[in-house]
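This report concerns only the one structure given below.
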Amino acid sequence: MAECQLLLVEVAGERLAVRSSQVVEVRVFDPRSQATRPVLDLAEALGLARQSAGPGYELVTRVPRGIACWSIDQAQDMLAVPEEALLPLPPLARGPAAERGIRAAVVLEGRVVLVLDPGEMRLEVSAESTVDSPRSTGR
Amino acid sequence: MALESHSQPAVSSAELRYLAFSAGSERYALPLDRVAGVQPEGPITRVPGATALVRGVMNLRGRLLAVVDLAAVLGLPVRPPGQGHVVVVRTADLEAGLLVDHADEILAVEPGAIEPRLSTLPGERAEFLDGQVRCSLGLVGLLRLERVLEAAQHG
Chain A
0 MAECQLLLVE
10 VAGERLAVRS
20 SQVVEVRVFD
30 PRSQATRPVL
40 DLAEALGLAR
50 QSAGPGYELV
60 TRVPRGIACW
70 SIDQAQDMLA
80 VPEEALLPLP
90 PLARGPAAER
100 GIRAAVVLEG
110 RVVLVLDPGE
120 MRLEVSAEST
130 VDSPRSTGR
Chain B
0 MALESHSQPA
10 VSSAELRYLA
20 FSAGSERYAL
30 PLDRVAGVQP
40 EGPITRVPGA
50 TALVRGVMNL
60 RGRLLAVVDL
70 AAVLGLPVRP
80 PGQGHVVVVR
90 TADLEAGLLV
100 DHADEILAVE
110 PGAIEPRLST
120 LPGERAEFLD
130 GQVRCSLGLV
140 GLLRLERVLE
150 AAQHG
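Chain order of the listed sequences is A and B.
For the first sequence, numbering that gives the first Met the number 0 assigns the number 0 to the initial residue and increments by one for each residue that follows.
For the second sequence, numbering that gives the first Met the number 0 assigns the number 0 to the initial residue and increments by one for each residue that follows.
Pasting the structure below:
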């Protein structure tokens with residue numbers, strides 16, 4: 000039975016999963032890295048209201064055009080699930096979520112966890128969608 | 000609360016059966032053949048980009064179920080999460096959950112007892128009703144399920 004490794008992360012109070020094959024690294028957010036590579040606000044990209052004072056970590060992911068960095072609150076855990084455990088979203092939730100890189104979910108401990116595909120997210124980098132500093136974006 | 004736990008009145012072959020439930024202070028019902036079950040409201044995961052009428056997705060025995068907030072669809076005050084019930088409904092095309100306060104009882108309705116919907120209902124609410132019946136619960140609106148789900152899909 001084929002397995003899939005997932006990294007669980009927390010963003011704006013929500014738990015999300017990312018295939019570990021798409022993850023390059025998770026590192027402490029450093030505002031100086033913005034000069035070389037923009038860190039995109041994942042909470043904003045998903046339309047979620049950020050609950051913490053600012054990003055704690057950067058999730059560095061592989062996307063078709065190279066590398067994309069996303070701000071997250073924290074990385075939680077790594078786990079393996081059977082590929083069959085990744086379920087497509089039901090029709091009422093599918094269309095708009097797919098535009099935000101979410102097409103599937105997995106049930107963990109009875110709760111639905113959305114699976115984020117960074118390669119399917121719109122990568123429109125603007126001043127508003129990047130993260131300035133760890134404590135300056137407390138929205 | 001399992002659907003089977005509701006007392007089922009004796010019905011004649013001409014009678015239609017509906018599941019009645021509460022949303023806010025109002026009562027609504029769906030034909031029983033559209034209802035697959037009733038579940039306590041469990042953890043519901045918000046879905047980015049979904050309309051405000053879709054509360055999120057929940058785990059239904061290993062399947063994913065999109066949950067539509069009926070109060071939001073009908074323009075009623077929305078209840079805080081956690082204490083409602085989810086009526087699992089089916090159409091020819093899809094399965095979904097309707098978040099309600101609680102299921103009330105199964106109604107046996109004579110077809111002739113179905114009244115046209117009130118012309119005084121707000122327009123946005125009237126479009127979701129096929130009619131209404133009067134029973135021991137009071138006035139119960141008969142929902143047009145397809146219209147409710149269509150509204151949830153398109154916001």
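Each residue gets a CB set at the ideal place from its N, CA and C atoms; glycine is no exception.
Here the structure is a predicted model, which means the values were calculated and not measured.
Nearest C-alpha to residue 98/B among 110/B, 105/B, 109/B, 73/B: 73/B. Judged by pairs of C-beta atoms under 8 Å, the stretch 26–37 of chain B does not touch the stretch 77–84 of chain A, as fewer than three such pairs exist. Under a 10 Å Cβ-count criterion, residue 147/B is classified as buried, with 16 or more other Cβ atoms of the shown protein chains found around its own Cβ. Straight across, the Cα-Cα distance linking residue 110/A with residue 63/B is about 10 Å. Straight-line spacing of the CA atoms in residue 143/B and residue 55/B works out to 21 Å. Residue 4/A is bridged by DSSP to 79/A. The Cβ atoms of residue 134/B and residue 117/B lie no closer than 7 Å to each other. Chain-order list of chain A residues neighbouring residue 47/B: 45, 46, 47, 96, 99, 101, by C-beta distance under 7 Å. The three-state reading of DSSP puts residue 41/A in helix, counting H, G and I together. Considering only beta carbons, the part of the stretch 3–15 of chain A lying closer than 8 Å to chain B consists of 13, in chain order. Of the residues 11/A, 17/A, 10/A, the one whose Cα lies closest to the Cα of residue 80/A is 17/A. For the stretch 56–79 of chain B, residues whose beta-carbon sits nearer than 8 Å to a beta-carbon of chain A comprise 56, 57, 58, 61, 62, 63, 64, 65, 67.
Against residue 18/A, chain B offers no close residue; the least beta-carbon distance is about 18 Å (beta-carbon pairs closer than 7 Å). Membership of residue 94/A in the alpha helix (DSSP H) is indicated by the continuous run 90–98.
Residue-level contact by beta carbon fails for residue 114/A and chain B, as no gap is shorter than 7 Å. Residue 19/B is outside the set of residues whose beta carbon lies under 7 Å from a beta carbon in chain A. Close CB contacts of residue 118/A within its chain, under the 6 Å cut and outside five residues either way in sequence, are with 62, 63 (chain order).
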